[in-house]
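Trainee: If you're matching them up, the sequences are chains A and B in order.
Throughout the first sequence, residue numbering follows the numbering used here, covering 1 to 360 in sequence.
Throughout the second sequence, residue numbering follows the numbering used here, covering 361 to 720 in sequence.
Built from N, CA and C at the ideal position, the CB exists for glycine as well.
One structure, pasted below without further comment.
Protein chains: 2
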Amino acid sequence: MAKTLTVDLGTREYPIFIGSDLLTRTDLYRDHILGGQVMIVTNETVGPLYLDAVKTALGDFQVREVILPDGEAYKTLEVWSRIFDALLSERFARDATIVALGGGVVGDMAGFAAACYQRGIAFIQVPTTLLAQVDSSVGGKTGINHPAGKNMIGAFHQPRAVIADTDTLETLPQRELSAGLAEVLKYGFIRDIAFLDWLESHMAELLGRDPAALAYAIGRSCEIKAQIVAEDEFEAGHRALLNLGHTFGHAIETCAGYGSWLHGEAVGAGMCLASDLSHRIGWLSESDVERTRHLIACAGLPTQPPAELAPEELLGLMAVDKKVIGGQLRLVLMQGLGEAVVTSDFDRDLLRATLACRRP
Amino acid sequence: MAKTLTVDLGTREYPIFIGSDLLTRTDLYRDHILGGQVMIVTNETVGPLYLDAVKTALGDFQVREVILPDGEAYKTLEVWSRIFDALLSERFARDATIVALGGGVVGDMAGFAAACYQRGIAFIQVPTTLLAQVDSSVGGKTGINHPAGKNMIGAFHQPRAVIADTDTLETLPQRELSAGLAEVLKYGFIRDIAFLDWLESHMAELLGRDPAALAYAIGRSCEIKAQIVAEDEFEAGHRALLNLGHTFGHAIETCAGYGSWLHGEAVGAGMCLASDLSHRIGWLSESDVERTRHLIACAGLPTQPPAELAPEELLGLMAVDKKVIGGQLRLVLMQGLGEAVVTSDFDRDLLRATLACRRP
Numbered sequence: 001m002a003k004t005l006t007v008d009l010g011t012r013e014y015p016i017f018i019g020s021d022l023l024t025r026t027d028l029y030r031d032h033i034l035g036g037q038v039m040i041v042t043n044e045t046v047g048p049l050y051l052d053a054v055k056t057a058l059g060d061f062q063v064r065e066v067i068l069p070d071g072e073a074y075k076t077l078e079v080w081s082r083i084f085d086a087l088l089s090e091r092f093a094r095d096a097t098i099v100a101l102g103g104g105v106v107g108d109m110a111g112f113a114a115a116c117y118q119r120g121i122a123f124i125q126v127p128t129t130l131l132a133q134v135d136s137s138v139g140g141k142t143g144i145n146h147p148a149g150k151n152m153i154g155a156f157h158q159p160r161a162v163i164a165d166t167d168t169l170e171t172l173p174q175r176e177l178s179a180g181l182a183e184v185l186k187y188g189f190i191r192d193i194a195f196l197d198w199l200e201s202h203m204a205e206l207l208g209r210d211p212a213a214l215a216y217a218i219g220r221s222c223e224i225k226a227q228i229v230a231e232d233e234f235e236a237g238h239r240a241l242l243n244l245g246h247t248f249g250h251a252i253e254t255c256a257g258y259g260s261w262l263h264g265e266a267v268g269a270g271m272c273l274a275s276d277l278s279h280r281i282g283w284l285s286e287s288d289v290e291r292t293r294h295l296i297a298c299a300g301l302p303t304q305p306p307a308e309l310a311p312e313e314l315l316g317l318m319a320v321d322k323k324v325i326g327g328q329l330r331l332v333l334m335q336g337l338g339e340a341v342v343t344s345d346f347d348r349d350l351l352r353a354t355l356a357c358r359r360p
Numbered sequence: 361m362a363k364t365l366t367v368d369l370g371t372r373e374y375p376i377f378i379g380s381d382l383l384t385r386t387d388l389y390r391d392h393i394l395g396g397q398v399m400i401v402t403n404e405t406v407g408p409l410y411l412d413a414v415k416t417a418l419g420d421f422q423v424r425e426v427i428l429p430d431g432e433a434y435k436t437l438e439v440w441s442r443i444f445d446a447l448l449s450e451r452f453a454r455d456a457t458i459v460a461l462g463g464g465v466v467g468d469m470a471g472f473a474a475a476c477y478q479r480g481i482a483f484i485q486v487p488t489t490l491l492a493q494v495d496s497s498v499g500g501k502t503g504i505n506h507p508a509g510k511n512m513i514g515a516f517h518q519p520r521a522v523i524a525d526t527d528t529l530e531t532l533p534q535r536e537l538s539a540g541l542a543e544v545l546k547y548g549f550i551r552d553i554a555f556l557d558w559l560e561s562h563m564a565e566l567l568g569r570d571p572a573a574l575a576y577a578i579g580r581s582c583e584i585k586a587q588i589v590a591e592d593e594f595e596a597g598h599r600a601l602l603n604l605g606h607t608f609g610h611a612i613e614t615c616a617g618y619g620s621w622l623h624g625e626a627v628g629a630g631m632c633l634a635s636d637l638s639h640r641i642g643w644l645s646e647s648d649v650e651r652t653r654h655l656i657a658c659a660g661l662p663t664q665p666p667a668e669l670a671p672e673e674l675l676g677l678m679a680v681d682k683k684v685i686g687g688q689l690r691l692v693l694m695q696g697l698g699e700a701v702v703t704s705d706f707d708r709d710l711l712r713a714t715l716a717c718r719r720p
């Protein structure tokens with residue numbers, strides 16, 4: 001059975017279905033497909049595993065597919081444009097629907113193509129990684145990378161439905177499972193200390209892919225994210241809390257070169273840096289920082305940037321991040337575990353100290 | 361003095377300033393610029409004429425420019441991406457503002473870049489062609505072309521202000537002035553027979569660039585368009601009326617190759633085809649069709665497609681137009697002059713006859 005959450009965005013409200021054996025459930029798709037044409041966007045890794053199942057479920061529609069190369073390195077303008085080539089070569093109309101079958105990269109590119117094709121068509125997310133299930137499939141952020149920065153080109157475009165089938169996590173590499181757990185932990189750090197306690201005591205089950213534990217963690221993560229997004233759809237205010245670890249993380253990813261670090265790994269290390277800076281400001285205790293680092297490490301994630309990355313280089317990249325407003329760098333920090341805040345009220349020297357610090 | 365119209369879109373309401381000597385008026389820009397960074401997007405033709413004047417007006421801001429090649433043929437993904445290169449090489453932040461200085465192509469590309477840079481930043485339109493002043497600067501449609509079709513990739517993104525300086529029309533080539541008049545005439549054909557009468561009796565002044573006549577025509581055109589857009593921002597319903605002549609026109613443009621026909625020229629011929637089909641259906645009299653063709657011809661515009669374009673080729677291209685819904689081709693036709701309607705209720709054979717007909 002699917003658990004159903006609803007993201008409440010007025011006229012753009014949509015359901016998130018979470019559970020086993022959902023990929024093939026025609027009924028979950030049907031209500032959210034407008035016309036008769038469906039373009040499935042997937043990649044070379046996920047396609048061979050799940051494309052046939054989804055096509056079977058969508059047998060009543062005119063279904064076509066476009067298969068992209070796999071990986072963050074391909075989240076480019078050039079690869080993105082292939083989706084338009086496919087839509088136009090099939091003469092897909094304005095009432096066509098895009099189904100994004102894959103991880104965050106596929107979801108971001110397919111969603112952004114849906115936002116722009118004929119100035120906006122419908123799309124359904126079918127996330128097949130833990131990261132995409134708890135993060136990129138909720139909130140309507142879509143986009144692609146530019147050599148000068150991640151997600152610099154994009155749009156807000158809400159899916160009509162999200163189908164998160166936990167069975168697809170069985171084929172997920174362990175490293176990607178850990179990367180997804182970074183985002184799961186993030187929701188606890190932002191605003192739910194009880195969820196953080198639960199994650200601490202269930203980390204072994206999660207890493208062992210216990211279906212019940214995963215379903216609970218995905219559901220609670222989506223609930224928290226959906227709540228925050230519904231409060232602030234266009235990121236005017238505290239939706240920025242969801243960027244905990246991300247400004248640090250994006251700088252690490254860019255510095256290390258897209259693709260060498262997974263997004264979740266960079267966010268994991270980024271959250272450790274955020275806790276370190278929060279401690280230097282006087283908000284977190286040393287034991288809070290240690291607990292943060294311990295949780296991140298237990299999830300199989302790095303707790304700091306690569307030794308060779310110079311603090312000045314990271315600082316330079318953080319300055320171009322989207323979270324900069326009026327030349328002022330804003331960061332998400334923690335006033336306590338489970339109590340994140342957005343702030344630009346910190347000493348630059350403390351930030352430099354955090355970026356320079358390499359703990360044992 | 362500037363005449364000011366207001367496009368009423370709730371929280372996204374914006375002013376259109378129309379008149380002489382507006383380009384250099386700092387006060388018209390200032391209220392609509394968010395942060396301190398301004399990127400002027402212009403092209404190789406308009407830049408040398410007006411860039412310095414706009415930069416002087418914006419002297420208090422951090423102003424940079426990106427100069428694109430001129431012409432519809434350059435309204436591509438590749439050229440569009442140069443705007444992001446410029447924004448990122450200058451590390452422009454989310455509160456930066458794009459100023460689009462040029463015709464419709466510049467406005468469409470700059471506006472679409474503003475829609476997508478960091479998922480949406482502010483932009484101001486400074487249209488320097490008649491076409492852009494009466495059409496592309498009002499309504500929030502932005503986008504680029506794909507080899508398989510015009511404006512297939514884009515977004516709805518409203519400007520914060522439009523500054524339409526009629527002085528810039530003094531440097532406009534005659535052929536482009538005529539192309540702009542096609543859109544002006546369109547507003548009369550859609551819903552204002554009195555405006556059509558006025559245009560008929562003032563065509564000589566308009567072609568002679570009489571400033572008062574131009575200002576009146578621009579103002580009335582923007583009023584009609586703003587009214588229709590305000591009634592239907594996302595083109596769910598009768599905003600489609602604005603496409604009078606466009607489905608035919610896009611097919612002609614695509615067939616002839618982007619850039620060989622101006623958009624307005626194709627729309628002019630397209631409106632003649634729309635009147636011809638309306639006549640075959642029994643809605644317009646023969647004299648209405650002749651009056652339509654006479655008005656279009658007097659404005660210096662073509663009244664039919666090139667002789668060598670096969671009807672079947674045009675029909676094929678019309679089938680991929682955005683106005684197709686559920687496989688059904690919808691067209692804007694006229695039940696009378698000044699009374700356009702959107703309809704799919706016409707005989708395909710009558711459409712074929714219209715596409716095959718070449719009047720003397």
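I'd like to check one pair, B:His623 with B:Glu432: are the Cβ atoms closer than 8 Å?
Mentor: yes
Trainee: B:Thr652: beta carbon under 7 Å from a heavy atom of the ligand COA?
Mentor: Summarising the ligand content, the structure contains no ligands, and the ligand COA is consequently not present.
Trainee: Closest to A:Leu315 by CA distance: which of A:Gly270, A:Glu339 and A:Arg280 is it?
Mentor: Scanning A:Gly270, A:Glu339 and A:Arg280 for the CA closest to the CA of A:Leu315 turns up A:Gly270.
Trainee: Please report the distance separating the alpha-carbon of B:Pro375 from that of B:Ser635.
Mentor: 34 Å
Trainee: Classify A:Val363 as helix, strand or coil using the three-state DSSP reduction.
Mentor: The requested residue 363 of chain A does not occur in the structure, where chain A is confined to residues 1 to 360.
Trainee: Taking only three categories from DSSP, how would you classify A:Arg64?
Mentor: strand
Trainee: Based on the DSSP secondary-structure assignment, which residues constitute the bridge partners of B:Asn403?
Mentor: Answer by DSSP bridge pairing, in chain order: B:Leu428.
Trainee: Would you mind giving the Cβ-Cβ distance between A:Ala93 and A:Gln37, rounded to the nearest angstrom? I have them listed as a contact below 8 Å.
Mentor: 7 Å
Trainee: Tell me where the beta strand (DSSP E) around B:Thr457 begins and ends.
Mentor: Thr457 to Gly462
Trainee: Using the DSSP secondary-structure output, state which residues sit across from B:Ile376 in a beta bridge.
Mentor: B:Leu365 and B:Val522
Trainee: Does the segment 601-617 of chain B come close enough to the segment 692-711 of chain B that 3 or more CB-CB pairs lie under 8 Å?
Mentor: yes
Trainee: Locate the alpha helix (DSSP H) running through B:Ile656, then write down its first and last residues.
Mentor: Glu646 to Cys658
Trainee: How far does the beta strand (DSSP E) with B:Ile481 in it reach, from first residue to last?
Mentor: Counting along the chain, B:Ile481 falls outside any beta strand (DSSP E), and DSSP gives it neither H nor E.
Trainee: In the DSSP assignment, what are the bridge partners of B:Met502?
Mentor: The sequence shown places Thr at residue 502 of chain B, rather than the Met named in the question. According to DSSP, which records beta bridges pairwise, B:Thr502 is partnered with B:Ala515.
Trainee: With a threshold of 8 Å between beta-carbons, can B:Tyr477 be considered close to chain A, or not?
Mentor: yes
Trainee: Can you tell me whether A:Trp283 is helix, strand or coil according to DSSP?
Mentor: coil
Trainee: In chain A, which residues lie with their C-beta within 9 Å of the C-beta of B:Leu745?
Mentor: Any answer about residue 745 of chain B is impossible in this case: the structure gives chain B only from 361 up to 720.
Trainee: Applying the criterion that 16 or more other CB atoms from any shown protein chain within 10 Å of the CB defines a buried residue, is A:Pro69 buried or exposed?
Mentor: exposed
Trainee: Can you tell me which of A:Ile83, A:Val79 and A:Thr97 puts its alpha carbon nearest to the alpha carbon of A:Asp31?
Mentor: A:Thr97
Trainee: In chain order, what residues of the same chain lie with their CB nearer than 7 Å to the CB of A:Tyr29, ignoring the 5 residues before and after it?
Mentor: Ala57, Leu58 and Ile124
Trainee: Taking the C-alpha atoms as reference points, what is the distance between B:Glu530 and A:Phe84?
Mentor: 39 Å
Trainee: Residues of chain B with a CB under 7 Å from the CB of A:Gln237: which are they?
Mentor: The amino acid at residue 237 of chain A is misidentified as Gln; the sequence shows Gly. Near A:Gly237 there are no residues of chain B at all, since even the closest Cβ is about 14 Å away, more than 7 Å.
Trainee: Along the chain, where does the alpha helix (DSSP H) that runs through A:Ala240 open and close?
Mentor: First-last for A:Ala240: undefined, no H or E at that position.
Trainee: From B:Gly503, B:Tyr477 and B:Val522, pick the residue whose C-alpha is nearest to that of B:Thr489; which is it?
Mentor: B:Thr489 has its Cα closest to that of B:Val522, out of B:Gly503, B:Tyr477 and B:Val522.
Trainee: So A:Phe84 contacts chain B; which residues on that side make the cut at Cβ distance below 9 Å?
Mentor: Leu437, His506, Ala508, Met512 and Ile513
Trainee: Compare the Cα-Cα distances from B:Gly549 to each of B:Asp455, B:Gly698, B:Gln587 and B:Ala667 and report the closest residue.
Mentor: Here residue 549 of chain B turns out to be Phe, not Gly, going by the sequence shown. If we check each option's Cα against that of B:Phe549, B:Gly698 comes out closest.
Trainee: Do you know offhand how far B:Ala679's Cα is from A:Met152's?
Mentor: B:Ala679 and A:Met152 have their C-alpha atoms some 34 Å from each other.
Trainee: Along chain B, in chain order, which residues have C-beta atoms closer than 7 Å to that of A:Gly143?
Mentor: Arg479
Trainee: Checking the sheet assignment: what are the DSSP bridge partners for A:Glu339?
Mentor: In the DSSP output, where bridge partners are listed per residue, A:Glu339 has A:Gly336.
Trainee: Tell me whether B:Thr652 is buried or exposed, calling it buried when 16 or more other Cβ atoms sit within 10 Å of its Cβ.
Mentor: buried
Trainee: By the DSSP assignment, the alpha helix (DSSP H) with B:Thr714 in it spans what residues?
Mentor: Arg708 to Ala716
Trainee: Please report how far the alpha carbon of B:Asp557 lies from the alpha carbon of B:Ala539, in whole angstroms.
Mentor: 19 Å
Trainee: Rounded to the nearest angstrom, how far is the Cβ of B:Gly500 from that of B:Phe472, given a contact under 8 Å?
Mentor: Actually they are not in contact, since the Cβ atoms of B:Gly500 and B:Phe472 sit about 11 Å apart, beyond 8 Å.
Trainee: Show which residues of chain A have a CB atom less than 7 Å away from the CB atom of B:Ser704.
Mentor: Within chain A, no residue comes near B:Ser704; the closest Cβ sits about 13 Å away, beyond 7 Å.
Trainee: For A:Phe156, return the contacting residues in chain B, with the cut-off set at a CB-CB distance below 8 Å.
Mentor: Arg479 and Gly480
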